[in-house]
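The structure appears right after this line, and notes come after that.
Residue numbers (our numbering), protein chains in the order written: chain A, 614 to 1003; chain B, 614 to 1003; chain C, 614 to 1003; chain D, 614 to 1003.
Structure below.
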């Protein structure tokens, strides 16, 4: 099912058995094992969106997301956290050269985690802001040395403007708050900042980032990567994880069902017509969802390559197609899990982990389909965007 | 929503806060806390199906199931295990008077757990069988001193006949195997029997139990309880638990959503139209499922009261209506949970427990809807029952 | 499935074959055949909600709706139009005695049709209003000699008040506009009123009718019928029709499928597992929907009998439960129709008629589930009613 | 949404308004208007799969199906009948050169209709068979002068072998039997053959056609078209029609809803959140279904271009992906139609035609999802194909 012309795929395949073997450890540690990050760094995939100026790959979106889906088939939590850590380079590439140098000049393998909801409090000061806040759910933060954090910055002209500050590890603490029943292994802990100074070259507003008018918005004029607004690449991370989890569920259900026997009657479930039909419908649904994502990702690649800025309806689709695909993947996983019997619920069954993780991919603000349906529906109906929907 | 003419409901309501307070403990202990069983025994509900000859209540099915739904709104695991412990008295009442005396004469509060899939191995011997086996998933076994265990008994005329042996606590060990992600608190551990002698008066075949031709099948000619075949009362236990969990989810979602604010935008979710519509649809669905169960339970009560034996289509409905209702309840819970955001996935959120437990109520062999749909469908289409479907 | 203690059911059963035989004629005439109305009048069911003072039955809601469901199993269009014609007596019974005498004193078999959306224009005049308008979709109007018509009446205190004028046949024309693909036989044509004088005793406001403070609101103090606000009985008509259509679809699918053979392979569809499972799921769904309606109808009967006025949440349920049930019935019909093959689409196939009619039962303003879900959802969430939702 | 690099698309766009204007006529005539066929012939699209040897286009599957979807947005019936008429050239290209010359040598615009279920009766005779039968549902037969007809031919070695005879117009009558409620305009009437002689060069078995071992299987060694087994191109016709109908429904719903006002309240439906959400979900679903079809069609094109024969799992996907996509399209249409109100049911509303036609695209033996799910499910589960599923 994977695009075999993508060379990175082979490198990821090589390390996959070890990542799969660490899946339980990720759950019990409630964070991605360091070994997984090291393995992934060995492939270079963490530099997918890093500018070539720092040795990065400036990888097209479809190739990156296919790799993430493959990783998610082994460990959803690792794929989730890692995809975000890698994707953030796309965002950093829109900041000032000064910040990019701070982050990558010495160590180009440096990673940043994020918490983008505007939880931060800021006070304007000479050359920047004093910055504080508790920022939840920063996936993979244990493996990052910078954090991208959301806040509403006071602006003389526009009032409060949604902005991101990027702060170094020395300016924040990590509080271990990640006790969940889904995607336990992402280590999405809380970043605590107490009155840190953030200079202006480490701050950009969301509107500037979205319109490529930020400090670094035109730093790489020949790049075929950065012209797709970063937020759609960010959003794509959840759907590729969801895809990988769903594809693994199909394979697992097939294996389990082929060997399953009903306790009460001895009937072979693998020969039962309802079991086959569930498998087929989920296989169709996941294949259709994959085709939908691939087409959307290709569209992003094509726009970036042509440096064509998407129109509002296109952006509404990029923002929301991935949420619809996630909805399809969750439905596909549910159809199989609900026919997997009580044994699938045991802690040593991979099926229950896939079920929990699949649902979690639909629980992010970006994959909330009620929000997505309103965004796209308003765009199609010709109504103004509703600012309460992000 | 509960029938207020049912006096037992008030007694259950009184102890409900304590059962709710123990819900986390039930999960972490992976069994029903002893305090819960003691509280429930204090209401007398554990004797719902015990013959009046031993001081039992011979309670009508609807009254019992309503109590179980109420308990499940506080702790699904407690409701699951307790409903089965209590229901088994219905089955014991069909055995020989000798066995009933053994169980209840000295201590009428005695409970039995079960594991009814035919996992047992037996060798015929003088006056009974030598009996062995490992029997999984015996809910509430820690609080029982007898176990009802399934096996296929050799019969000269009919070959292997599906039968149940009832064995005392001294004849079996309990192996702690219950490590699951759903209904953790039921303590559905494994019963291990090693070459125990089971005398004939402790064994009945399923056909004899179903047709009231077992040793005790006609012991209580005036009872308005035992004429409904026990298996349909057994099956009802899962649906009443599922109902209670779903009704609790509706209440919880309402409370949580009324106060919920979106992290990114500050929008009040409780005033959002999609949130209201999800609530309404799930409320309708659960109310419709409840009405369906109530009508089915009333039908069982009516047949038992009239001592009218159900025809095959009626039995197909009693066997399967509950599975359809469970399907409705799970869908209702999913609709609310999937719109509850990432915070609902934290371990201290009741929402994720309800979600896991709701799905588990659909994972029992008796609530597998693929099986149920085939059973009812064949009956309606005029085909012979398929023996591979139980 | 029908309540056999309801004596009217037997009378309806007697005439059912003739109504069924007229089903095609109803479609091609695009109105209910006069023979059907005569047959139904011969049972007395048209006087279900007429006051006993005029010889009416003051029938409980559940008994009436069960009769309508039965009629709908033979001809959905007849059931739809007739149920509304009969139900309107409930509303008339809340008007002045003077109007009731005008309608029923000479001929107690007189029927009224309606068009209740506020399409009318009125000018206040001495003792009443001058009244005009075109009122669409007045089901069964060919068989009625009065029409209940909606308008917004000018009121010095409250501004525009939603009201109904009841006008005699001599004051309006019928325009034949009913060219539809669903419920063709209802003859829901357009009522045209041109500057008719409507005296005040033939006008009531909706708030007065709803709160039993209209001119006739307390005329029948001992009645066990009129204390349920008429609008919920009105709303119930669509769901009972939908129920009857769905129950007929189940019977028809069973018959057709038992004999069906696949053109390409000769395979017997009646023995196919998917066909059986579809039948079972739809049978469960319709049975659950029926149970939900029956419980709601019993609740209405009970309130009326106790003269207990329902609270707002109860009213939200009465308003919307029927729409949810209709949604269930349509889904059940779809599941069967979509597996009925191309032959089901031929004009001489009853299946396609049931399919079209089932969907039409969900297309009334009162069965629009988007509206219903908002009404109930807001009530449950503790929000104020939204006046744009009726 | 259409691939603008496909030059045929522009030609089809030019004639689209006239085809749309004829949509009602197609319904009332119960056949495709001759003008439509003439218009379509003027584009050359009817020769999409005709061999280049006769001046045909040997068009890639994706380009053809996109044109069909576009036609279906104007008139589903025309698209259905025409796509089959055109597609049959793919099949004829696998027959003997002798037959191809008979059909196309004089008039390369000649079309064939079909009825492929094995309804024919044959008696072996010198050089061919005596052939009789009534063959239902031959879409577009009024515009064809040859008919492709199914039968089980006696074979000394293999018993009955599923085969197709191709017979000229002089050998059959057309019986006007097409009285349906869906796809009325396809004119899918009955072909009646009475004891016609069919020479061997006009007969091929399905296995030979499928494996390219028929008389003409290797006639065009350089073609990039015929290596995809014809049956998958045949199957694709229904899904492209379904796609076009669904895409039209989305556009129509948007237009209608933007202007729609609720009769009872005056509320503007186009600003209602549920209306927007329905639009979005259907738009997502249709876009995902389109992406799935496009990927499947590209895969067919790719295999044909590489002359790579698909493996069994690939063929199971090609056979069934289109049925799953149709299921998605029907669901998308239903979601919009069911929220379109009673006015959508009037005969002059395009919405009800789209609704009827959409459902009909799912009623063909090739789009029956119960069959498709079994085919793919068995293939994925590693079971042997079930010969009762075709």
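Glycine included, every Cβ here is placed at the ideal spot set by N, Cα and C.
| Asked | Found |
| --- | --- |
| Select from the stretch 881-899 of chain A all residues with a C-beta closer than 9 Å to any C-beta belonging to chain C, and list them in chain order. | 885, 886, 887 and 890 |
| Please return the same chain residues whose Cβ sits closer than 7 Å to the Cβ of residue 850 (chain B), not counting the five positions on each side in sequence. | 681, 696, 697 and 700 |
| Check whether the stretch 736-747 of chain B touches the stretch 848-864 of chain B, taking contact to mean three or more Cβ pairs, one atom from each stretch, closer than 8 Å. | no |
| Three-state secondary structure (DSSP) at residue 865 (chain C)? | helix |
| Might you give, ordered along the chain, the residues of its own chain that have their beta carbon closer than 7 Å to the beta carbon of residue 992 (chain D), omitting 5 neighbours on each side? | 925, 926 and 929 |
| Can you grab the Cα-Cα spacing for the pair residue 984 (chain A) / residue 951 (chain D), in whole Å? | 22 Å |
| Going straight from the alpha carbon of residue 659 (chain D) to that of residue 677 (chain D), what length do you get? | 10 Å |
| I need the straight-line Cα distance from residue 771 (chain D) to residue 913 (chain A), nearest angstrom please. | 54 Å |
| By Cβ distance, which residues of its chain are closer than 6 Å to residue 663 (chain D), with the 5 residues on each side in sequence left out? | 669 and 702 |
| Can you tell me whether residue 728 (chain C) is helix, strand or coil according to DSSP? | strand |
| Looking at chain A, is there any beta carbon in it that lies within less than 8 Å of the beta carbon of residue 876 (chain B)? | yes |
| Taking only beta-carbon atoms, is residue 794 (chain B) less than 8 Å away from chain A? | yes |
| At a Cβ threshold of 8 Å, is residue 733 (chain C) touching chain B? | no |
| Closest by CA to residue 638 (chain D), which one among D:831, D:961, D:989 and D:704? | D:961 |
| Any idea what DSSP makes of residue 983 (chain A), helix, strand or coil? | helix |
| Output, in chain order, the set of chain B residues within a Cβ distance shorter than 7 Å of residue 1001 (chain A). | 878 and 880 |
| Return the chain-ordered ranges of every beta strand (DSSP E) run that is complete within the stretch 712-773 of chain C and spans a minimum of 3 residues. | 725-738, 741-751 and 759-768 |
| Against chain B, does residue 871 (chain A) count as a neighbour if the rule is that its beta carbon must be under 8 Å from one of theirs? | no |
| Beta carbon of residue 901 (chain C), beta carbon of residue 941 (chain C): below 8 Å? | yes |
| In chain order, what residues of the same chain have a beta carbon less than 7 Å from the beta carbon of residue 968 (chain B), not counting five sequence neighbours either side? | 946 and 950 |
| On the CB-based measure, 16 or more other CB atoms within 10 Å of its CB, does residue 997 (chain B) come out buried or exposed? | exposed |
| Using Cβ-Cβ distances below 9 Å, what residues of the stretch 896-924 of chain D are close to chain A? | 896, 897, 898, 900, 901, 902, 903, 904, 905, 906, 907, 908 and 909 |
| For residue 959 (chain B), which beta-bridge partners are listed by DSSP? | A:793 |
| Using only the alpha-carbon positions, how far apart do residue 870 (chain C) and residue 779 (chain C) sit? | 48 Å |
| Does residue 694 (chain A) pass the burial test, meaning 16 or more other C-beta atoms within 10 Å, or should it be called exposed? | buried |
| Does any C-beta atom of chain B lie closer than 8 Å to the C-beta of residue 941 (chain C)? | yes |
| Which two residues bound the contiguous beta strand (DSSP E) that contains residue 841 (chain D)? | It is not in any beta strand (DSSP E) - residue 841 (chain D) carries neither H nor E in the DSSP assignment. |
| Let me make sure I understand the geometry here. Which of A:840, A:855 and A:646 has the alpha-carbon closest to that of residue 756 (chain A)? | A:646 |
| Closer than 8 Å by beta-carbon distance: list the chain B residues that pair up with residue 771 (chain A), in chain order. | Going along chain B, no residue has its Cβ under 8 Å from residue 771 (chain A), so there is no contact; the nearest lies around 17 Å. |
| What is the DSSP secondary structure of residue 803 (chain B), reduced to helix, strand or coil? | strand |
| Counting along the chain, where does the alpha helix (DSSP H) carrying residue 786 (chain A) start and finish? | Counting along the chain, residue 786 (chain A) falls outside any alpha helix (DSSP H), though it belongs to the beta strand (DSSP E) covering 785-788. |
| Report, in whole angstroms, the separation of the C-beta atoms of residue 704 (chain B) and residue 843 (chain B), which I expect to be a contact under 8 Å. | 5 Å |
| Starting from the Cα of residue 746 (chain C), find the closest Cα among C:724, C:753, C:777 and C:979 and give me that residue. | C:777 |
| At the level of alpha carbons, what is the spacing between residue 1038 (chain C) and residue 763 (chain C)? | Shown here, chain C extends from 614 to 1003; a query on residue 1038 (chain C) therefore has no answer. |
| Let me check understanding here. Comparing Cα to Cα, which of B:896, B:908 and B:890 lies closest to residue 857 (chain B)? | B:896 |
| How would you label residue 674 (chain B), buried or exposed, when you count the other beta carbons within 10 angstroms and need 16 or more for buried? | buried |
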